Amino acid sequence: MTDLSGPPAPEYADLGLPGVSYVMPVLNEVTHVEAAIASLLDQDYTGPFDVIVALGPSIDGTTELVERLSAVDPRIRVIENPTGSTPSGLNVAIGASRYPVVVRVDAHSLLPRDYTRIAVEALVRTDAANVGGIMQAEGTTAFERAVAHAYGSKAGLGGGAHHVGGVEGPAETVYLGVFQRAWLTKVGLFNEDIRRGQDWELNRRLREAGGTVWFTPRLVVIYRPRPSLERLARQFFSTGLWRGELARRFFTANALKYFVPPVMVTAAALGFLLGVAGLITLAVAGDDAARTTGAILTAGFVVPLVYLVFVAVAALGAARSQGARAGAWFLVVLPCIHFSWGLGFILGFLKLTKNITAHTGR
């Protein structure tokens, strides 16, 4: 078993608990970052720890807020992340970390008080390279509740184990992650060329190197969804773009479920265009053959209509569990997620990721 003891601070030496470094990349997160950091300081883990915030070039007041928090509590260390990207921020934070256990944290996430204690126990018990659990999305507005419902439903993100739970054991990937620092160093940290989906790609390398990625449903992290339709669309377009890139690079390692949204987007778009072409053909038809062709083409509308029915049924389920307003928002949120993610996937799969991110910075 890997030695996780590390060099504990003198006041913790008799406890035998490994030290923990929380690493958090932050960029323009003034709304959520203070609560996220507070959840780290409130952990019931009694071993030594520090919080390393990799601060990107923020313009919304995040920089000033994080620097104030660091000035008040010396356990919070702020380091510069010039590029602002998530993987580079994680890498510079890990490079500055002091302890043998590295806990990845997202500025949109709130860790429950027992998170670190449970994670370290599982890490020591299983000798896994990485331990993670469930991302439990929770919203405070009707829009955010609709997004949160999409995260945990089969109609939205597929209802995977790291969204809805499952049996403890080895996994392909997990949400966030609590790592043995030695394993991160062994596989070369996060790939900074991959802006989204870097967790999945890192876990792939950990497994290939002989490490275990361990899922436990006892770890539940509260996640705050994006608060607007625009930010949600940008998030899922970027996520889909990089998932398409990863699917192209590691085709055999990708599950078929990742291809469902792009296939759906393509089918719905083609069906709609064929239907429009059919209507135009019927409008200008001068003989029976043209009218027959137009009628056949209008059958393309069946595909987007079936999708709309699917969305409506899913929205009813959202309304029952989240309320009528959230259910109404779900009618917009679900297509936004599907089409943003699906379009991004197609463009990423077609090797357009670098072209797009060069202009958008995402």
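Under the numbering used here, think of the first position of the sequence shown as 1268, with each following residue one higher. Backbone N, C-alpha and C fix where the C-beta goes; we use that ideal spot for every residue, glycine too. Computed from a predicted model, the values in this text were never measured in an experiment.
Item checked: Test item: CB-CB of R1448 and P1367 under 8 Å -> Numbered from its first residue, the sequence shown carries residue 1448 at position 181. Numbered from its first residue, the sequence shown carries residue 1367 at position 100. Contact: yes.
Notebook entry, point to check: Would you call the region 1564 to 1573 and the region 1527 to 1542 in contact, with 3 or more CB pairs under 8 Å?
Noted result: In this structure the region 1564 to 1573 lies against the region 1527 to 1542, because at least three pairs of beta carbons, one per stretch, are closer than 8 Å.
Notebook entry, point to check: With distances taken from CA atoms, which of E1439, T1548, V1320 and A1586 is nearest A1372?
Noted result: What you label residue 1372 is simply residue 105 of the sequence shown in a count that begins at 1. Reading the sequence as shown, one finds Val at residue 1372 and not Ala. Comparing alpha carbon positions, the residue from E1439, T1548, V1320 and A1586 closest to V1372 is V1320.
Check: If we call anything under 8 Å between Cβ atoms a contact, is V1414 one with V1599?
Finding: Residue mapping note: residue 1414 aligns to position 147 of the sequence shown, counting from 1. Residue mapping note: residue 1599 aligns to position 332 of the sequence shown, counting from 1. Not in contact: V1414 and V1599 (Cβ atoms no closer than 8 Å).
Item checked: Inter-residue spacing [alpha-carbon to alpha-carbon] between L1499 and T1383 -> Position 232 of the sequence shown, counting from 1, holds the residue named residue 1499. Position 116 of the sequence shown, counting from 1, holds the residue named residue 1383. Spanning the two alpha carbons is a distance of roughly 29 Å.
Check: Hey, how far is the Cα of N1458 from the Cα of L1549?
Finding: Within the sequence shown, residue 1458 is the residue found at index 191, counting from 1. Within the sequence shown, residue 1549 is the residue found at index 282, counting from 1. Looking at the two C-alpha atoms, the distance is approximately 54 Å.
Check: For T1483, which of helix, strand or coil comes out of DSSP?
Finding: If you number the sequence shown from 1, residue 1483 lands on position 216. Strand.
Item checked: Three-state class that DSSP yields for F1606 in the structure shown -> Here residue 1606 refers to the residue found at position 339 when the sequence shown is read from its first residue. If DSSP states are grouped into helix, strand and coil, F1606 belongs with the helices.
Margin query: For K1618 and E1512, I'd like the C-alpha separation in whole angstroms.
Written below: Here residue 1618 refers to the residue found at position 351 of the sequence shown. Here residue 1512 refers to the residue found at position 245 of the sequence shown. Taking the straight line from one Cα to the other gives about 7 Å.
Next item on the list: Apply the 10 Å Cβ neighbour rule to I1547 and answer buried if 16 or more other Cβ atoms are within range, or exposed otherwise.
Entry: The residue labelled residue 1547 in the question sits at position 280 within the sequence shown. With fewer than 16 Cβ atoms within 10 Å of its Cβ, I1547 is classed as exposed.
Check: Given 8 Å as the limit, is there contact between the region 1377 to 1393 and the region 1572 to 1587, that is, 3 or more CB pairs closer than that?
Finding: Cβ pair count under 8 Å is below three, so no.
Next item on the list: Give a yes or no on whether the C-beta atoms belonging to F1526 and L1610 are separated by under 8 Å.
Entry: Counting from 1 along the sequence shown, the entry for residue 1526 is found at position 259. Counting from 1 along the sequence shown, the entry for residue 1610 is found at position 343. The Cβ atoms of F1526 and L1610 do not sit closer than 8 Å to each other.
Note to self: With a threshold of 7 Å on Cβ separation, who are the neighbours of G1628 within its own chain once the five nearest residues in sequence on each side are excluded?
What the structure shows: Numbered from 1 along the sequence shown, position 361 holds the residue referred to as residue 1628. Here G1628 scores only 45 on pLDDT, less than 50, and its place in the model is too uncertain to base an answer on.
Next item on the list: Specify, as a first and last residue, the run of the beta strand (DSSP E) that L1378 falls within.
Entry: Here the question's residue 1378 lines up with position 111 in the sequence shown. Counting along the chain, L1378 falls outside any beta strand (DSSP E), and DSSP gives it neither H nor E.
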